Structure formats: C-alpha cells, structure tokens
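Novice: Just so it is clear: in the sequence shown, position 39 is 22 by the numbering used here, and no numbers are missing.
Can you keep this structure in mind? I'll have questions shortly.
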Amino acid sequence: VKYRSGDVVISVPAKSGTTWTMNIVFQLRNKGTEDFDDIYTEVPWLEARVRPGMPTEESVTLIDAMPKEKPRAFKTHSSPPLLPYKEPSTGVKYIIVGRHPAEVAASLYPFFKN
C-alpha cells in the first residue's frame, strides 16, 4: 500500500470495538456524512481480500486507487509490532485500541457459539 499523508491506520484486536472505531474515525474525518454504502468499503481491512483467491497485488491496487480527495482510514487486527509502521514525518497516523482480555473473552463466547 502506498500510504498518503493524512492516512489513519486503526489497529483493534478482534471483538474489541473494531466497527465502532471505524465508524467514529470515518465520521470525524468526513464531517459526519451519512452518504456511504458500507463502512467496510470506506475503511478497508488491510489484510482482507474482496473475494477468495484475490491476489495481494490486486487488493493493493484497489486501495491505492481510492480517491485522493477523500481522507483514508484502514482497519487492521495486527498488533503494533506487526503494523505496517511509517515514520511520523510521513503524516500517517495510528489509532491503537485495547480492551480488557476478560471482556474480549466474554464477547467471543456468543460469537463462536452462534
């Protein structure tokens, strides 16, 4: 991914408020607009593919083709040591979310049960 100045990388462990954080960041960066179809299109998941078997290069091309006039944010479940870190001088910002492990376990139980 070719990061741009102003990009935000949101790092949230599973079941720790990922979608909530994505929505907050998107709304703050886009003046509260409700004019979007899907938060997962607006804030893509860096490690995910749009379809099974999709080559990494194609996924990166889609991300790089996002409009330059709109602020970009990306979701990842990678923890800070594994994040695609960029120096502060590049203008890329990071939001790291943490949650108490007992709360994560309580959230995971019904997720896996269903």
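Glycine is no exception: its CB is placed at the ideal position from the N, C-alpha and C atoms.
Only a predicted model underlies this, so the values are computations on that prediction, with no experimental measurement involved.
Which of the three DSSP states, helix, strand or coil, is assigned to Tyr92?
Specialist: In the sequence shown, the residue the question calls residue 92 occupies position 109. Helix at Tyr92.
Novice: Do Lys(-2) and Val87 have their beta-carbon atoms positioned less than 7 angstroms apart in this structure?
Specialist: Start at 1 with the first residue of the sequence shown, and residue 87 comes out as number 104. Start at 1 with the first residue of the sequence shown, and residue -2 comes out as number 15. Yes, they are a contact pair.
Novice: Quick check on the DSSP output: the alpha helix (DSSP H) that includes Val80 runs from which residue to which?
Specialist: Numbered from 1 along the sequence shown, position 97 holds the residue referred to as residue 80. It is not in any alpha helix (DSSP H) - Val80 carries neither H nor E in the DSSP assignment.
Novice: Taking the continuous alpha helix (DSSP H) assigned at Val26, which residues delimit it?
Specialist: Sequence index remark: in the sequence shown, residue 26 carries index 43 (1-based). Looking at the DSSP string, Val26 is not in any alpha helix (DSSP H), and its letter there is neither H nor E.
Novice: On a CA-only basis, which of Ala89, Leu65, Arg12 is nearest Val26? Give me that one, please.
Specialist: The sequence position of residue 26 within the sequence shown is 43, counting from 1. Closest by alpha carbon: Arg12.
Novice: Residue ranges of each beta strand (DSSP E) run of no fewer than 3 residues wholly in the region 35 to 87, ordered along the chain?
Specialist: The region 35 to 87 contains these whole beta strand (DSSP E) runs: 56 to 59, 76 to 79.
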